[in-house]
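Numbering (the numbering used here), first residue to last: 18 to 270. No residue lacks a Cβ here, since even glycine has one placed at the ideal position from N, Cα and C.
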Amino acid sequence: MPEYAKMKKPDVKLVILGDMNVGKTSLLHRYMERKFKETISTVGGAFFLKQWGPYNISIWDTAGREQFHGLGSMYCRGAAAIILTYDVTNWQSLVELEDRFLSLTDTANSDCIFAVVGNKADLTDPEAGLKEEEEEEEGEEEGGEGEKAERPARPPPTPPSPVARRKVHREDAIALYGRILRYKMLDERASLPAEKMCFETSAKTGYNVDLLFETLFDMVLPSILKKRSGNDSPTVDLEECRGAKRTKAGCCS
Ligand SMILES: Nc1nc2c(ncn2[C@@H]2O[C@H](COP(=O)(O)OP(=O)(O)OP(=O)(O)O)[C@@H](O)[C@H]2O)c(=O)[nH]1
Ligand SMILES: [Mg+2]
């Protein structure tokens with residue numbers, strides 16, 4: 018069978034936006050490949066496919082560099098969820114979300130879900146700095162060959178730099194979320210609450226990364242069912258939603 022014929026058709030689209038260097042690609046690598054690795058600045062965009070129960074979710078990584086700005090609204094077309102990403106140590110990266118990226122989301126679905134995500138929390142928050150490094154170490158030990166057992170124990174991870182490096186506080190992100198809802202002319206009381214939709218993550222340690230993606234996957238299921246039923250009725254089969262099984266399976270970029 019030719020390669021293209023094996024491609025699964027995505028049921029729904031999720032897009033990651035944000036300034037260059039905030040860690041969009043790293044977040045996706047962390048989630049899809051379970052590791053933090055060197056990245057190069059994204060050119061254009063890249064597409065990953067995630068199987069979530071019986072559904073296929075396409076996740077689009079976009080380039081934050083100004084020169085690719087024009088492509089942003091094309092990537093957002095028909096999106097059911099958009100992750101607006103900033104760097105907690107860089108105030109300007111939050112400002113850019115409102116000034117440069119929010120208008121790109123005009124092409125998304127009218128019921129698009131927004132998450133505001135502060136990445137690089139390992140640099141500011143001791144808990145985020147340690148979390149999954151420990152798990153990785155355990156993983157290495159489990160899969161290890163005999164000689165690995167003789168390695169001297171690694172020194173404990175270096176504590177993160179002082180919290181003073183933090184330039185964006187959670188309240189700033191929550192305030193931005195409120196302004197996004199107003200921009201979209203959505204009623205704050207009828208929308209998903211800011212506390213639930215503002216995350217702090219670390220692609221480096223994995224802190225809150227699964228939580229971010231999997232919360233959004235669950236939230237877009239009604240959108241898939243609506244699309245499949247081919248009408249715009251907000252009625253959703255909750256039984257079908259609940260039946261969705263979580264898989265960690267693959268990507269195609
Ligand atoms: N400490 C820390 N560094 C990170 C984290 N995420 C990404 N980085 C680093 O930040 C730099 C940029 O990461 P990318 O994932 O390439 O950023 P991007 O948003 O995709 O950038 P563009 O593709 O240019 O838009 C790299 O040096 C990463 O190693 C994180 O959670 N913590
Ligand atoms: Mg990138």
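Handout entry: Buried versus exposed call for Gly247 [16 or more other C-beta atoms within 10 Å across all chains shown]
Key = Residue mapping note: residue 247 aligns to position 230 of the sequence shown, counting from 1. By the 10 Å Cβ count, Gly247 comes out exposed.
Problem - Neighbourhood of ligand 2 [Cβ distance below 7 angstroms to any heavy atom], ordered by chain position - result: Lys41, Thr42, Thr56, Ser58, Thr59, Asp78, Ala80 and Gly81
Exercise for the section: Round the Cβ separation of Asp36 and Ser110 to the nearest angstrom and send it over; I've been treating them as touching at under 8 angstroms. Expected result: As a first step, residue 36 must be located in the sequence shown, where it is residue number 19. As a first step, residue 110 must be located in the sequence shown, where it is residue number 93. Indeed, because the Cβ distance is near 5 angstroms, the residues count as touching under 8 angstroms.
Handout entry: C-beta contact flag for Lys25 and Gln68 at 9 angstroms
Key = Taking the first residue of the sequence shown as 1, we reach residue 25 at position 8. Taking the first residue of the sequence shown as 1, we reach residue 68 at position 51. Going by C-beta atoms, Lys25 is nearer than 9 angstroms to Gln68.
Handout entry: Reference Thr222; option with closest CA among Ala138, Arg196, Gly195 and Leu209
Key = In the sequence shown, the residue the question calls residue 222 occupies position 205. The residue with the shortest Cα to Cα distance from Thr222 is Ala138.
Problem - Unbroken beta strand (DSSP E) run spanning Lys30, endpoints - result: Locating residue 30 in the sequence shown gives position 13, counting from the first residue. Unbroken beta strand (DSSP E) run through Lys30: Val29 to Gly35.
Exercise for the section: Label Ile33 either buried or exposed according to how many other C-beta atoms from any shown protein chain fall within 10 Å of its C-beta, with 16 as the threshold for buried. Expected result: Locating residue 33 in the sequence shown gives position 16, counting from the first residue. Label assigned to Ile33: buried.
Handout entry: Which residues DSSP lists as bridging Cys215, in chain order
Key = Here residue 215 is taken as the residue at index 198 of the sequence shown, counted from 1. According to DSSP, which records beta bridges pairwise, Cys215 is partnered with Val133.
Problem - CA nearest to the CA of Ala97, picked from Asp104, Asp128 and Lys201 - result: Along the sequence shown, read from residue 1 onward, the residue named residue 97 stands at position 80. Of the listed residues, the one whose Cα sits closest to Ala97 is Asp128.
Practice task
From the DSSP output, read off the bridge partner residues of Arg68.
Solution key: Within the sequence shown, residue 68 is the residue found at index 51, counting from 1. First, the amino acid is wrong: residue 68 is Gln here, not Arg. According to DSSP, Gln68 bridges with Asn73.
Exercise for the section: Tell me, please, whether the segment 99-115 touches the segment 37-46 by the rule of three or more beta-carbon pairs shorter than 8 angstroms. Expected result: yes
Practice task
For the alpha helix (DSSP H) holding Asp128, just list the boundary residues, first then last.
Solution key: Numbered from 1 along the sequence shown, position 111 holds the residue referred to as residue 128. It is not in any alpha helix (DSSP H) - Asp128 carries neither H nor E in the DSSP assignment.
Practice task
May I have the straight-line CA-CA distance separating Gly135 from Arg245, to the nearest angstrom?
Solution key: In the sequence shown, counting from the first residue as 1, residue 135 sits at position 118. In the sequence shown, counting from the first residue as 1, residue 245 sits at position 228. If I take the Cα positions, the gap works out to 33 angstroms.
Exercise for the section: Classify Thr232 as helix, strand or coil using the three-state DSSP reduction. Expected result: Numbered from its first residue, the sequence shown carries residue 232 at position 215. Three-state result, Thr232: helix.
Problem - Nonlocal neighbours in the same chain, by C-beta distance under 6 angstroms from Thr252, ignoring five residues either side - result: Locating residue 252 in the sequence shown gives position 235, where the first residue counts as 1. For Thr252, the pLDDT reaches just 42, beneath the cut-off of 50, and the residue's location in the model is therefore unreliable, leaving the point undetermined.
Problem - At least 3 beta-carbon pairs within less than 8 angstroms: the segment 230-241 vs the segment 67-81 - result: yes
Problem - Nearest candidate by alpha-carbon position, reference Asn107, set Thr124, Gly70, His86 and Val39 - result: Walking along the sequence shown from the start, residue 107 turns up at place 90. Of the listed residues, the one whose Cα sits closest to Asn107 is Val39.
Exercise for the section: With a threshold of 8 angstroms, establish whether the CB of Phe53 neighbours any heavy atom of ligand 1. Expected result: Numbered from 1 along the sequence shown, position 36 holds the residue referred to as residue 53. Flag set: Cβ of Phe53 near ligand 1.
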